[in-house]
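Presented below is the structure to which this report refers.
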Amino acid sequence: LAKTTQPISMDSYEGQEVNITCSHNNIATNDYITWYQQFPSQGPRFIIQGYKTKVTNEVASLFIPADRKSSTLSLPRVSLSDTAVYYCLVGDTNSGYSTLTFGKGTMLLVSP
Amino acid sequence: DSGVTQTPKHLITATGQRVTLRCSPRSGDLSVYWYQQSLDQGLQFLIQYYNGEERAKGNILERFSAQQFPDLHSELNLSSLELGDSALYFCASSAPGRHEQYFGPGTRLTVT
Chain A
157 LAKTTQPISM DSYEGQEVNI TCSHNNIATN DYITWYQQFP SQGPRFIIQG
207 YKTKVTNEVA SLFIPADRKS STLSLPRVSL SDTAVYYCLV GDTNSGYSTL
257 TFGKGTMLLV SP
Chain B
73 DSGVTQTPKH LITATGQRVT LRCSPRSGDL SVYWYQQSLD QGLQFLIQYY
123 NGEERAKGNI LERFSAQQFP DLHSELNLSS LELGDSALYF CASSAPGRHE
173 QYFGPGTRLT VT
């Protein structure tokens, strides 16, 4: 499974846009990129997934450059309730993606 | 609410004992995954079942075992419990052909 690297922590203020970048230099051709959010003592929650270019849903956008060696999760206009740990995962369901390897994630702290 | 249910929410037991954690996946999901999350180890994948059969194994101890029943619910059995087994145990499920996993609320196990 491709190894991912993301910042340990980030700080932001309410109303700002937050971009969290994840590096995955050895991403394989069949790998997808998935982001999860986790609040304390709760299970991770699926945010968004993509393979290439840009994906947008009601809560976030995911930007993936052409070489796919990194990806950026964009959270528009964050609120205090977006304070959480964000995990980036890379893998392919056919070859073992199911064995999700969660790294340390990025602790996002949103202040008033 | 992810649609994944776990029981019990909390469990307190003594060292050397055995416990069973239960998980019901989302309707239609065939895969069930078990994870352990402790403060010092982060979120660790334990084991995956797909439609009743073991599909993948992660960092699961020999004292731990799991199974998925014909109705697709799953149980994680933890035996000869040690203090270090105290953790949050999450179950997740995914739909056939889909990459994203949906996590339950977790069971907090405390071994005294």
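Heads up: the protein sequence lines correspond to chains A and B, in order.
Here the numbering used here is used: the first residue of the first sequence is 157, the next is one more, and so on.
Here the numbering used here is used: the first residue of the second sequence is 73, the next is one more, and so on.
Glycine is no exception: its CB is placed at the ideal position from the N, C-alpha and C atoms.
The beta strand (DSSP E) spanning residue i covers which residue range?
i	result
T160 of chain A	Note, T160 of chain A: premise wrong, no beta strand (DSSP E); not H, not E.
F219 of chain A	S217 to I220
N181 of chain A	No beta strand (DSSP E) holds N181 of chain A; DSSP gives it neither H nor E.
G206 of chain A	R201 to G206
N149 of chain B	S146 to L150
Who are the Cβ neighbours of residue i in its own chain at under 7 Å, not counting the five residues just before and after it?
i	result
G185 of chain B	Limits of chain B in this structure are 73 at one end and 184 at the other, which puts residue 185 of chain B out of reach.
A240 of chain A	Q193, Q194, F195 and L264
Using the DSSP secondary-structure output, state which residues sit across from residue i in a beta bridge.
i	result
G119 of chain B	According to the sequence shown, residue 119 of chain B is Ile rather than Gly. DSSP output for I119 of chain B lists B:W106 and B:K129 as bridge partner(s).
H82 of chain B	B:R180
If the cut is a Cβ gap below 8 Å, which residues of chain B does residue i touch?
i	result
Y188 of chain A	H171
Just to make sure I have the definition right: I need the residues of chain A whose C-beta is within less than 7 Å of the C-beta of residue i. Which are they?
i	result
P97 of chain B	Within chain A, no residue comes near P97 of chain B; the closest Cβ sits about 13 Å away, beyond 7 Å.
In its own chain, which residues sit with a C-beta less than 8 Å from the C-beta of residue i, not counting the 5 before and 5 after it?
i	result
T182 of chain B	H82, L83, I84, T85 and S158
E207 of chain B	For chain B, the structure presents residues 73 to 184; residue 207 of chain B sits outside this window and is missing.
Keeping to the same chain, check which residues put their C-beta closer than 6 Å to that of residue i; ignore five residues upstream and five downstream.
i	result
L144 of chain B	P97
C244 of chain A	T160, Q162, C178 and W191
I176 of chain A	L229, Y242 and T262
D167 of chain A	L265
Helix, strand or coil for residue i, going by three-state DSSP, please let me know.
i	result
Y253 of chain A	Per-residue confidence for Y253 of chain A stands at a pLDDT of 47, beneath the threshold of 50, marking its modelled position as unreliable; the derived number appears in the next sentence. Note: Y253 of chain A maps to coil in three-state DSSP.
D238 of chain A	helix
L155 of chain B	helix
Along chain A, in chain order, which residues have C-beta atoms closer than 8 Å to that of residue i?
i	result
G178 of chain B	S197, Q198 and G199
L160 of chain B	S197
Give the residues of chain A in contact with residue i, contact being defined as C-beta atoms less than 9 Å apart.
i	result
F175 of chain B	Y192, Q194, Q198, G199, P200, R201 and F202
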